[in-house]
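Reading through the structure tokens given below for one structure.
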Amino acid sequence: MLIAQITDFHLGFSPGGIFEDNARRLQTVVRTLNELVPRPDLVLATGDLTDHGDLPSYRRLKRILSKLEIPVLFCMGNHDDRAAFLKVYPDTAMVDGFNQYAVETLPLRLLVLDTLEPGRHGGGFCETRAAWLEARLAEAPGRPTLIVLHHPPIDTGIEWMSIGKDEAWVARLEAVVSQHRQVVGLLAGHVHRPIMSAFAGTTVRVCPSTQPQVVLDLAPMDLEQPDDRPMIVAGAPGIGLHRWNGRNLISHYTDTDEQSRRKILARYTSKMQGFLKHLAHERAAGGGH
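All letters in the sequence shown, in the order written, are residues 2 to 290 by the numbering used here.
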């Protein structure tokens, strides 16, 4: 099973409607996903679908994603608005007012969480949402399960894009996940760059964004003294590809930079054939000591 992940579109960030840069970037991602071989079975759109949670941007989102030839599932980010999203996607699953749902029809069970906390950049996960997650995990302890959410519950080291170390909602989520060994990982967005960390006995994997990326800078920030450091850098839209082989979840991150794809240094030709046959024979024989 192959799952694609895209995140942080921020449609409506700048003027231009369907012609704004973020809309063009999402259109590029859609074309890239449609051309992938093998084609993913599913696309996860992990929040911050719009920048202001406005109806025109959600309508624009629906028009752009109508070109996507792969089923797509959504979760809410801190820039989203549940009510506006529901007006455009009225069939969205809601529980106790939150966009949380289970996907039971795939080889890997998916539990999609809602970490939107209106007014908070750093998200939230209340007792009601935690109780739903606990119940869903308890009802299928033998099924490998992937948790999907917008906010990664970790200190990324990038000070202005980190969740607080003592966030109550992070402790609440960790307390639930740590009790269930069938969780094979958590997929998140929000930080606009690829990150991986241990969490609650499993892993958190953060996907790079469709929008420009956050600069990797682990130095402390002085909020009283701006230091002119770069914070956001232009770059091609990012994509995550998560392959479930029946035992493990293997994640790859790439982008849509067509020029870099043209700089091919090796191809599968007769010159490479002997080496690849050797590798296949080695894998078949096993015997690593």
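All residues carry an ideal CB built from backbone N, CA and C; glycine is no exception.
The beta carbon of Val104 sits closer than 6 Å to those of Leu111, all from its chain and outside the five residues before and after it, given in chain order. The beta carbon of Val73 sits closer than 7 Å to those of Val44, Ala46, Leu66, all from its chain and outside the five residues before and after it, given in chain order.
Here His122 has Asn79 as same chain residues with Cβ atoms under 6 Å from its own Cβ, once five neighbours each way along the sequence are excluded. When DSSP states are grouped into helix, strand and coil, Ile265 belongs to the coil group.
Counting only runs of 4 or more residues that sit fully inside the segment 139–220, the alpha helix (DSSP H) segments are 169–178, in chain order. Judged by pairs of C-beta atoms under 8 Å, the segment 181–194 touches the segment 153–168, as three or more such pairs exist. About 10 Å separates the CB atoms of Asp9 and Thr51; that is not less than 8 Å, and the two are not in contact.
For His253, the enclosing beta strand (DSSP E) begins and ends at 250–256.
A residue is called buried when at least 16 other Cβ atoms come within 10 angstroms of its Cβ; Thr203 meets this threshold and is buried. Taken through DSSP and simplified to helix, strand or coil, Gln6 comes out as strand. The DSSP-derived three-state label of Phe276 is helix. Distance from Ala189 to Leu150 at the Cβ level is roughly 6 Å; contact confirmed, criterion being Cβ atoms closer than 8 Å. For Tyr90, there is no enclosing alpha helix (DSSP H), since its DSSP letter is neither H nor E. Look at Ala237 here: in three-state DSSP terms it is coil, with no helix or strand label.
Among the bridge pairs identified by DSSP, Arg110 is matched with Thr146.
Gly239 sits away from Arg206, with the two beta carbons spaced by 9 Å or more. Three or more pairs of CB atoms, one per stretch, sit closer than 8 Å, so the segment 54–63 contacts the segment 81–92.
Cys76 is bridged by DSSP to Thr47. Distance between Thr33 and Thr257, taken at the CA atoms: about 7 Å. Cα atoms of Leu138 and Gly13: separation of roughly 36 Å, rounded to the nearest angstrom. Assignment of Val31 by DSSP, reduced to helix, strand and coil, places it in the helix class.
Under the 10 Å beta carbon count, Gln101 is surrounded by 16 or more other beta carbons and is classified as buried. Residue pairing by DSSP places Arg244 opposite Leu3, Ile251 in a beta bridge. DSSP, read as helix, strand or coil, puts Leu37 in coil.
Contact between Leu3 and Asp42 holds, with the beta-carbon distance rounding to 6 Å and staying under 8 Å. Non-local C-beta neighbours of Leu134 in its own chain, meaning closer than 7 Å and more than five positions away in sequence, comprise Leu112, Leu114, Val177, ordered along the chain.
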